[in-house]
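Engineer:
Residue numbers (the UniProt record's numbering): 1 to 1187.
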């Protein structure tokens, strides 16, 4: 068999022989195989056993698909350098396809392309295009015929100012567009609209504000693409006049507007697919007019039915297809679509680099979270903390993308760009070893993992750079080879003191286990786990005004002995489960007191954050309290003269260290018991044992005086209080050093107790709650919310297990809002049920509530629950920081100030939680008023269509008056105006506002004006009054309007249009469903503290099975009418399985009761308590026992 280059073969038993023949035939060859393939080949370097992190390359090599991907992307493999590439894979994935394009096409210069051979288990139609190869067919195979020209033109949205004008004018006029015309081209609908305006000049007032209306970007893109397709079709028909053309189109109206008729239906010159539909037409050329929403699977299906090939065109598109990429001079090439894969491989290499330098990290990987919005998804990606550079400490945030994968790719792409910018990748996108090893973070990990002293780490950088070249491999591999092969226990080549200490630890491991497993045992013993990157749900930090105020004169108590001085905020006592806050009033402090306060704060924060610091914008002071008053102290002097202060933190002014007292020493300060090397500086590390014959013998007194360069006043031999045992205070809050013998005369007593760390930790937790309360107090005042501060604070804490009330209140608020919105549309409009449901959904959906939340600027009141110390930036504090050697006391969290809540849905959740909180503390009427005040229901949008309630009032009359209307040139041309015009417009003396609605929604005013409700209340005698009376007896409620219960008990399935419409029953069911949700939720709200349990409890009570059971057990089923007979419901009861319509009837019955009570929920509650609640709970218990 003669083999030609660039051929795709079906993978079979003979494939390996052909591959071996190709390997022997070409000089420079690369073979790519599946990762788990163990097939052996001769005369080629096999790199399957080589570490994936190695960059070793040969002229003749066998590599895995993952290694191929990584080496090509880094510019280390190129088709220019090889004569032949061979793929032996089960199938080609998108990763291999894009990688091959880089390998094959991107580095072409002045030589022929290398030969390509592929042996694939699954061969797809496009593989020959991707690999620039032809399919090998056996003589018995059916070969494809030559195909005509096939092209696809994808129409994408472009800039079109005329379309923006059309959509804005359409929204301003609430114009009912001819949808048929819009589906052809918006310009046709625009022309019709302009004609309509010319004939209706009174609309100039509405039209004048068209530029201020909002336009849906999605709608703009849809109409833009439709218009472009239409124009392209016209152009194609114009340019191909005289040819036989057939247009595949679903709607003939489109062809009418391009003045075209399909005369030819066989053997045409050009077949244009305006819509992707099957047509039995043959053509020489095929052209698809598609858009991003087109089903390309159907296009491929049609192309296959043509049974011909369009290789040249598809190859052209494949090779020239471009996307955003990173490329370097050395040939590295990473597209955005594979950035996340490449980034994961980089971190895998980094993990290997660290392991070879004795740092074993279990989870060295990036962290990503996705936030959804009404426009798509945003990804926040964070790299592991391996350096202090911003690229490793800050989030990489993607653009808004249509899918989570696209958002991740964009964020990863930005992260790789950041890695290149900070200098940790070279031109081949390989890790620069020195960047990560000569690094503070790496050394801090070595210190904590192997307990290495700082003096060794200080010399590490110099030693490493000087000596690392003395070995030809990584330190870990080198040391293990020495340990396993060396029988004489010879020391390895010196690299650094740090690695020498680690080598000794490795020797202990080797001596204690089998040499086969020694590496794994050592790695497991010293394995570390990175703390997962914390992505707060809310990235904004709203700062309370009390912390921005420079007049710090208001005192608040956090507990009995700690308080805070800040600006003015809430003035009440708040008792929480784990903290309490009390306003103690306004205070006046003098200069001396402020100095003592500054001292206490510098110590309080400085000893815990002296190693980390950024500037802070928070202005406040933490203060000690006693009996709810300031309790300020300064330095008390030295410990010897103030021996009663052993419980306080001690400060050494010479070495700037803080110490903790343990106990008094029983030794004399004049005892000569210390030996010190001659000529050495006096230091604790140089202390010798008494039996050491080298060095000078000196007393403790002389030692302290020489060490600190001072003269001690107290020297009596018998005084045992001149020295004490103590240890250095750690910023972690506990002693981390061994006990030392210290001079009590040198130590200064600070105003901080030695257990100050416990106070500090408690304060940080209390501060978070205090900040929440301060922000919520601003929200309560700014939004005029009738909710207590304590309960309202639960609405502004992100949902998690620690704060379950947030989600519970949101759960309650959701059903309250649904009910009140349904009530509003039921009373004020005569819409059909579908329109009411649509209008309700538009108000309660998250996207609308998110807009409401943004208008209310909820981010201004939302804390991200991260502690923030004070700025301490006045002169006194700065001087004290310098004295104590604190580089910068203030600490700022990594969460940056931002003007928006990260998660769009969080806005909606807060709004719902506020509604729920208002209902908990007030009644439904107060909650309803608050909903209108917050603008959740914007009556101005619906005022023109509200039922005529003003016909009964004097203020409802309308008059006409002259009003000047501004117009732009576009409108003046339409209405044939010379300039701005004054017109008579209809003006109501009294407008319909929510105050009027709230005053009249429960007194029957809207019932009398709403014709639909009037008809709904009318009794048609379809259900006899005797049956109604018996139903009233069961419900323990007497109806004023018998028509409500009549239409609830007779299901529309009984007879067609019994009452002329199905809407009667549907609306009763709709309002009944919402009121049942409210009262069931209210009844169980306080029984469950867990949000999940609350959801489950309501789901168990609010369902068609329970409702159907209630209908049967209450005997109401005897009076209902459905398309089924009564036996069907009895059978449902026996099998405990009910049809949905029985649940609908029970909801409609509750809706009938509520409407008959004029939406008076206080009166409905009596019926609920007397009958309905008991029925539901009893049926639930019975059903649960059966299950």
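Glycine residues also receive a C-beta, built at the ideal position from the N, C-alpha and C atoms.
Give a yes or no on whether the C-beta atoms belonging to residue 913 and residue 809 are separated by under 8 Å.
Structural biologist: In contact: residue 913 and residue 809 (Cβ atoms closer than 8 Å).
Engineer: Can you give me the Cβ contacts of residue 683 inside the same chain, cut-off strictly under 7 Å, excluding the 5 residues immediately before and after it?
Structural biologist: Confidence in residue 683 is poor, its pLDDT being 49 and thus under 50, which makes the residue's placement too unreliable to answer from.
Engineer: Based on the DSSP secondary-structure assignment, which residues constitute the bridge partners of residue 652?
Structural biologist: According to DSSP, which records beta bridges pairwise, residue 652 is partnered with 657.
Engineer: Would you report the Cα separation of residue 758 and residue 576, rounded to the nearest angstrom?
Structural biologist: One C-alpha to the other measures close to 20 Å.
Engineer: Output the boundary residues of the beta strand (DSSP E) element that contains residue 84.
Structural biologist: 84-89 is the extent of the beta strand (DSSP E) around residue 84.
Engineer: Excluding five sequence neighbours on each side, which residues of the same chain lie with their C-beta closer than 7 Å to the C-beta of residue 122?
Structural biologist: Excluding sequence neighbours, residue 122 sits near 90, 91.
Engineer: Around the Cβ of residue 774, are there at least 16 other Cβ atoms within 10 angstroms (buried) or fewer (exposed)?
Structural biologist: Classification for residue 774: buried.
Engineer: Which value, in whole angstroms, describes the spacing of the CA atoms of residue 36 and residue 56?
Structural biologist: Computed Cα separation, rounded: 20 Å.
Engineer: Sorted by chain position, which residues of the same chain lie with C-beta nearer than 6 Å to residue 424's C-beta, five sequence neighbours on each side aside?
Structural biologist: Only 432, 435 meet the Cβ criterion.
Engineer: What would DSSP say about residue 626, mapped onto helix, strand or coil?
Structural biologist: Here residue 626 sits in strand by DSSP.
Engineer: Taking C-alpha atoms, which residue in 390, 392, 505, 409 lies nearest to residue 398?
Structural biologist: Here the closest residue by C-alpha is 409.
Engineer: Return the chain-ordered ranges of every alpha helix (DSSP H) run that is complete within the stretch 708-784 and spans a minimum of 4 residues.
Structural biologist: Counting whole runs of 4 or more residues, the stretch 708-784 contains the alpha helix (DSSP H) stretches 756-782.
Engineer: With a CB to CB cut of under 6 Å and the five nearest residues on each side skipped, what residues in its chain are close to residue 111?
Structural biologist: Note that residue 111 has pLDDT 45, beneath the 50 cutoff, so the model's placement of it is unreliable and the number below is only indicative. If we look at residue 111 and ignore the five residues flanking it on each side, it has no Cβ neighbours.
Engineer: Taking contact to mean at least 3 C-beta pairs separated by less than 8 Å, is the stretch 763-777 in contact with the stretch 557-573?
Structural biologist: Yes, they touch.
Engineer: From 524, 520, 483, 521, pick the residue whose C-alpha is nearest to that of residue 504; which is it?
Structural biologist: Nearest C-alpha to residue 504: 483.
Engineer: When DSSP labels each residue in this structure, what does residue 973 get in the three-state scheme?
Structural biologist: If DSSP states are grouped into helix, strand and coil, residue 973 belongs with the helices.
Engineer: If you run the structure through DSSP and keep just helix, strand and coil, what is residue 543?
Structural biologist: Reduced to three states, the DSSP call for residue 543 is coil.
Engineer: Drop a sphere of 10 angstroms on the beta-carbon of residue 539, count the other beta-carbons inside from all chains shown, and report buried for 16 or more, exposed for fewer.
Structural biologist: Annotation note: pLDDT 40 at residue 539 (below 50); position unreliable, coordinate value reported separately. Answer is buried; the Cβ neighbour count reaches 16.
Engineer: Considering Cα atoms alone, identify which of 411, 361, 266 is closest to residue 337.
Structural biologist: Checked all of 411, 361, 266; the closest Cα to residue 337 is 411.
Engineer: Helix, strand or coil for residue 451, going by three-state DSSP, please let me know.
Structural biologist: In the structure shown, residue 451 sits in coil (DSSP, three-state: anything other than H, G, I, E or B).
Engineer: Taking all protein chains shown into account, decide if residue 395 is buried (16 or more other Cβ within 10 angstroms of its Cβ) or exposed.
Structural biologist: Residue 395 comes out buried.
Engineer: Would you identify the three-state DSSP class for residue 64, choosing helix, strand or coil?
Structural biologist: Three-state DSSP puts residue 64 in a strand.
Engineer: For residue 9, count the other beta carbons within 10 Å of its own beta carbon; 16 or more makes it buried, fewer makes it exposed. Which is it?
Structural biologist: Classification for residue 9: buried.
Engineer: Kindly provide the ranges of any beta strand (DSSP E) runs that are 3 or more residues long and lie completely inside the stretch 245-278, ordered along the chain.
Structural biologist: Taking only runs of at least 3 residues, the beta strand (DSSP E) segments lying wholly in the stretch 245-278 are 245-248, 268-273.
Engineer: Quick one, are the C-beta atoms of residue 833 and residue 1066 less than 8 Å apart?
Structural biologist: Yes. Within cutoff.
Engineer: If contact is defined by three or more beta carbon pairs under 8 Å, each pair taking one atom from either stretch, is the stretch 617-631 in contact with the stretch 863-870?
Structural biologist: Counting Cβ pairs under 8 Å, three or more are found: they touch.
Engineer: Considering only C-alpha positions, which residue in the set 699, 789, 233, 242 is nearest to residue 257?
Structural biologist: Of the listed residues, the one whose Cα sits closest to residue 257 is 233.
Engineer: Use the C-beta contact count for residue 754: other C-beta atoms within 10 angstroms, 16 or more gives buried, fewer gives exposed.
Structural biologist: Flag for residue 754 reads buried.
Engineer: Near residue 848, which residues of its chain fall below 7 Å by C-beta distance, leaving aside the five closest residues on each side in sequence?
Structural biologist: Result list for residue 848: 842, in chain order.
Engineer: Kindly provide the ranges of any beta strand (DSSP E) runs that are 3 or more residues long and lie completely inside the UniProt domain "RNase III" (791-923), ordered along the chain.
Structural biologist: Within the UniProt domain "RNase III" (791-923), no complete beta strand (DSSP E) run reaches 3 residues.
Engineer: Between which two residues does the beta strand (DSSP E) carrying residue 438 extend?
Structural biologist: Neither: residue 438 is in no beta strand (DSSP E) and is coded neither H nor E.
Engineer: With DSSP run on the structure shown, which of helix, strand or coil describes residue 400?
Structural biologist: Looking at residue 400 - three-state DSSP - the assignment turns out to be coil, as it is neither helix nor strand.
Engineer: Measuring alpha carbon to alpha carbon, tell me which of 1130, 344, 1021, 1032 ends up nearest residue 363.
Structural biologist: Ranking 1130, 344, 1021, 1032 by Cα distance to residue 363 puts 344 first.
Engineer: Got a sec, what are the start and stop residues for the alpha helix (DSSP H) residue 666 sits in?
Structural biologist: Residue 666 -> no alpha helix (DSSP H), and no H or E assigned at all.
Engineer: Quick check on DSSP: helix, strand or coil for residue 303?
Structural biologist: Reduced to three states, the DSSP call for residue 303 is helix.
Engineer: Helix, strand or coil for residue 467? Go by DSSP, reduced to three states.
Structural biologist: In the structure shown, residue 467 sits in a helix (DSSP, three-state: H, G or I).
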